[in-house]
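Under the working numbering, read the sequence shown as residues 443 to 675, first letter to last. Think of the CB as a built atom: it goes at the ideal place given N, C-alpha and C, for glycine as much as any other residue.
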Amino acid sequence: PHPPPPPSPPPPPPPPTVESTPPPPAVESLAHSVCGPYAVHARAAITFAGPQSTIHGGDMGVSPGTAITGNFAFAGGGHVVSTPDSAAFAASVLVAHTAAMVPRADGQAMAIEMGGVTFTPGTYRSGSAINFAFGTVVTLDGLNEPNPVFLFQALSTLVTAASTSFVLKNGARADNVLWALGTAATLGANSVLPGSILAGSAITVGTKAQLLGCALAQTAITFASAGSVSLPQ
């Protein structure tokens with residue numbers, strides 16, 4: 443008789459189960475958390491003087507005041523939000539301004555004049571004002587961090603002279619820059635400022651000045667002539 447056939451080899455083990463790792467949650471930008479849908483908001487009034495100024499990618503509102511006057515246009519979306527509908531946002535801006543002005547334990551003291559200086563991510567605080575000399579360039583270096591944040595605090599004003607500008611490198615982004623001011627901000631003619639402004643009083647956007655963030659003021663906002671505010675997307 444023939445011997446019985448050898449037993450069949452066992453089936454191969456099933457392949458290991460590989461669980462896909464979910465992507466890390468998206469980190470909300472500073473601008474998104476502070477600005478919401480608003481590119482421009484004031485408590486008292488918004489005034490556009492001279493040739494048309496432009497609001498890019500965001501809404502505009504005044505509350506509890508109601509006055510919006512002058513020549514302006516929206517680009518890339520956005521509209522005027524009525525006073526009642528922006529009342530809750532006005533209250534949130536007041537809370538955000540108070541929180542942003544609180545000294546941080548890791549904050550670094552900074553000189554009043556910041557033109558020509560390079561800053562890395564962190565909190566910088568001036569006991570008085572922050573100024574930019576005419577034609578100077580400021581560099582924000584993100585150090586290739588995944589979410590570099592720059593917070594600048596001034597107990598009084600922010601003033602950029604004419605034709606000042608910034609260089610953002612190694613991951614630094616305008617939507618992660620915040621200017622928290624005890625009083626007012628003035629952007630000089632043809633100057634470019636990255637970041638959002640939380641002003642304790644007024645904001646003035648000079649002729650052809652550009653703000654790459656939102657403008658949020660506790661009193662009034664004035665556009666001198668052909669200025670622009672661009673809400674980061």
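Residues near residue i by beta carbon distance below 6 Å, same chain, minus five either side
i: glycine 503; result: His483, Val523, Ser528
i: glycine 549; result: Thr565, Arg567
i: glycine 584; result: Pro590, Asn612, Gly613, Ala614
i: glycine 630; result: Thr602, Ala603, Ala604, Gly648
i: alanine 681; result: In the structure displayed, the chain extends from 443 to 675; residue 681 sits before or after that span and is not available.
i: phenylalanine 490; result: Gly512, Asn513, Phe514, Phe665
i: glycine 518; result: His498, Gly499
i: leucine 654; result: Ala616, Pro636, Ser672
i: alanine 627; result: Leu600, Ile639, Ala641, Ile645
Short Cβ contact (8 Å threshold) for residue i with residue j
i: alanine 616; j: proline 526; result: no
i: valine 609; j: valine 579; result: yes
i: alanine 486; j: cysteine 656; result: no
i: glycine 637; j: serine 495; result: no
For residue i, the three-state DSSP class (helix, strand or coil)
i: phenylalanine 576; result: coil
i: proline 590; result: coil
i: proline 465; result: Since pLDDT at proline 465 reaches only 41, below the 50 mark, its modelled position is unreliable, and the value read off the structure follows with that caveat. Here proline 465 sits in coil by DSSP.
i: proline 526; result: helix
i: histidine 521; result: coil
i: serine 475; result: helix
i: asparagine 670; result: The residue you asked about is not asparagine; residue 670 is serine in the sequence shown. Of the three classes helix, strand and coil, the one that applies to serine 670 here is strand, per DSSP.
i: alanine 538; result: helix
i: alanine 651; result: coil
Residue from the options with nearest C-alpha to residue i
i: serine 475; options: Phe514, Ile663, Leu658; result: Leu658
i: threonine 511; options: Pro493, Gly519, His498; result: Pro493
i: glycine 613; options: Val591, Phe576, Ala662; result: Val591
i: valine 681; options: Cys477, Gly577, Leu623, Thr560; result: For residue 681 there is no data in the structure shown, the boundaries of the chain being 443 and 675.
i: glycine 577; options: Leu635, Thr625, Thr562, Ser598; result: Leu635
i: cysteine 477; options: Ala509, His539, Phe516; result: His539
i: valine 535; options: Gln660, Ser672, Ser667; result: Gln660
Residues of its chain near residue i, where Cβ-Cβ distance is below 8 Å and the 5 sequence neighbours each way are ignored
i: serine 633; result: Phe574, Thr602, Ala603, Ala604, Ser605, Thr606, Ser607, Gly648, Ala651, Gln652
i: alanine 532; result: His483, Arg485, Gly503, Ser505, Pro506
Chain-order list of residues whose beta-carbon lies under 7 Å from that of residue i (same chain, five-residue window excluded)
i: isoleucine 572; result: Ile554, Met556, Phe594, Ala596, Leu600
i: aspartate 501; result: Pro479, Tyr480, Ala481, Gly520, His521, Val523
i: valine 559; result: Val580
i: glycine 569; result: Leu597
i: asparagine 586; result: Asn612, Gly613
i: threonine 508; result: Thr525
i: serine 471; result: Asp617, Asn618, Pro674
>> Which runs of the alpha helix (DSSP H) at least 4 residues long sit entirely within the region 540-575? Give them in chain order.
In response: Entirely contained in the region 540-575, not one alpha helix (DSSP H) run reaches 4 residues.
> Can you list the alpha helix (DSSP H) stretches of 4 or more residues lying completely in the region 578-644, in chain order?
Replying inline: The region 578-644 contains no whole alpha helix (DSSP H) run of 4 or more residues.
> Taking the runs of the beta strand (DSSP E) that are 3 residues or longer, which of them lie wholly in the region 474-518?
Replying inline: Whole beta strand (DSSP E) segments, 3+ residues: 480-484, 487-498, 501-504, 509-517.
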